[in-house]
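**Q**
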Amino acid sequence: MWNKDRSLLLSLGLVRALLIIIPVLCLCSPWMVRWYDLTDLDGIGLLDGSVFVPLMLCLNTAGVCAMVCLVYLYRLLANIRKSEVFVHQNCKCLRIISWCCLLASVPFAVFGLWRFLSFVMAFTALFFGIILRVVKNVIEQAVALREENDYTI
Amino acid sequence: MPIIVNLDVMMAKRKISSGDLAKIIDITPANLSILKTGKAKAIRFATLDKLCEALQCQPGDILEWRQEDE
Numbered sequence: 100m101w102n103k104d105r106s107l108l109l110s111l112g113l114v115r116a117l118l119i120i121i122p123v124l125c126l127c128s129p130w131m132v133r134w135y136d137l138t139d140l141d142g143i144g145l146l147d148g149s150v151f152v153p154l155m156l157c158l159n160t161a162g163v164c165a166m167v168c169l170v171y172l173y174r175l176l177a178n179i180r181k182s183e184v185f186v187h188q189n190c191k192c193l194r195i196i197s198w199c200c201l202l203a204s205v206p207f208a209v210f211g212l213w214r215f216l217s218f219v220m221a222f223t224a225l226f227f228g229i230i231l232r233v234v235k236n237v238i239e240q241a242v243a244l245r246e247e248n249d250y251t252i
Numbered sequence: 290m291p292i293i294v295n296l297d298v299m300m301a302k303r304k305i306s307s308g309d310l311a312k313i314i315d316i317t318p319a320n321l322s323i324l325k326t327g328k329a330k331a332i333r334f335a336t337l338d339k340l341c342e343a344l345q346c347q348p349g350d351i352l353e354w355r356q357e358d359e
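Sequence lines, in order, name chains A and V.
For the first sequence, the positions run 100 to 252 when the numbering used here is used.
For the second sequence, the positions run 290 to 359 when the numbering used here is used.
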């Protein structure tokens, strides 16, 4: 039977897997980007020419952001697993993840000059960043409520 | 916070220990410590009632308002 513990374990497992997959993908990115550069000749964008350098910069910058996101997501999930949901540490994790999403949207927005399709990724990252910011604010309020409750004698 | 808890003063006046007071008013010593050290954000009327009964005092003897420094 499916329950919240299993979804948490699955999330932790996926985060662990991604913590391995993303560095591997970053290491393999020169080959993948070269292949993309050679095959996707009809991509639409403002700027023409090879996309090797901009795409490499974009993917590796986003990769660093993704790694930071995953580390803090892992900490967040580990805290939730310990039943520590409304704590300041989780707010910090959500704030960092949110900033990473916002930062990751920048290289994709820049790469949008070469391939308009990249704006979709930039928008998605930006949207996630803003939504996480709202979630962080909600958790912050919940932490304040919990503290008030804990310190009401 | 400008509300000062003078519980330790009242306890000293009544010569009662923290452990004894915690037992009488039926709260944990940890919670009593939060109250004594001024870390508490609020106090329930029920707790205040028990404290006043145990220490034979008025709420004003335990709680005091002071002007916050600029």
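In this text, a Cβ means the ideal position worked out from N, Cα and C, and glycines have one as well.
As the structure is a prediction and not an experimental result, all values here were calculated from the model.
1) If the criterion is Cβ atoms closer than 9 Å, does the pair LYS339 (chain V) and TYR250 (chain A) meet it?
2) Hey, is LYS312 (chain V)'s beta-carbon within less than 9 Å of any beta-carbon in chain A?
3) Determine the direct distance from the alpha carbon of TRP101 (chain A) to that of LEU201 (chain A), and round the result to whole angstroms.
4) Which residues, in order along the region 297–330 of chain V, keep a beta-carbon less than 9 Å from a beta-carbon of chain A?
5) Give me the Cα-Cα distance between SER307 (chain V) and ILE351 (chain V), rounded to the nearest whole angstrom.
6) Would you mind stating whether ARG180 (chain A) and LEU225 (chain A) have Cβ atoms separated by less than 9 Å?
7) Since GLU247 (chain A) meets chain V, which of its residues come closer than 8 Å, beta carbon to beta carbon?
8) What separation, rounded to the nearest whole angstrom, lies between the Cα atoms of CYS125 (chain A) and LEU158 (chain A)?
9) Taking 8 Å as the cut-off, does the region 232–245 of chain A touch the region 177–192 of chain A (at least 3 CB pairs, one atom from each stretch)?
10) Between which two residues does the beta strand (DSSP E) holding LEU352 (chain V) run?
11) Tell me the DSSP secondary structure of THR251 (chain A) in three-state form.
12) List the residues that DSSP assigns as beta-bridge partners of ILE293 (chain V).
13) Within the continuous alpha helix (DSSP H) that includes ARG180 (chain A), where are the two ends?
14) Please work out which residues of its chain come closer than 6 Å, Cβ to Cβ, to PRO153 (chain A), disregarding the five sequence neighbours upstream and downstream, and give them in chain order.
15) By Cβ distance below 6 Å, which residues in the same chain neighbour PHE227 (chain A) in space, the five residues on each side in sequence not counted?
**A** Here's the rundown:
1) No. Outside cutoff.
2) Among the residues facing chain A, LYS312 (chain V) is not included, as its CB has no counterpart in that chain under 9 Å away.
3) Roughly 33 Å between the two C-alpha positions.
4) Listed in chain order, the positions of the region 297–330 of chain V with a beta carbon within less than 9 Å of a beta carbon of chain A are ILE316, ASN320, LEU321, ILE323, LEU324, LYS328, ALA329 and LYS330.
5) Roughly 15 Å separates the two Cα atoms.
6) Taking the C-beta atoms as reference points, LEU225 (chain A) is found no nearer than 9 Å to ARG180 (chain A).
7) Residues of chain V whose Cβ lies closer than 8 Å to the Cβ of GLU247 (chain A) are, in chain order, LYS330 and ALA331.
8) Straight-line measurement puts the Cα of LEU158 (chain A) at about 7 Å from the Cα of CYS125 (chain A).
9) In short, these stretches touch, since the Cβ pair count reaches three.
10) Taken as a continuous stretch (DSSP letters only), the beta strand (DSSP E) holding LEU352 (chain V) covers 352–354.
11) Strand.
12) In DSSP, ILE293 (chain V) forms a bridge with V:GLU353.
13) Run containing ARG180 (chain A): 151–180, per the alpha helix (DSSP H) assignment.
14) The residues are PHE210 and TRP213.
15) So the qualifying residues of the chain are CYS200.
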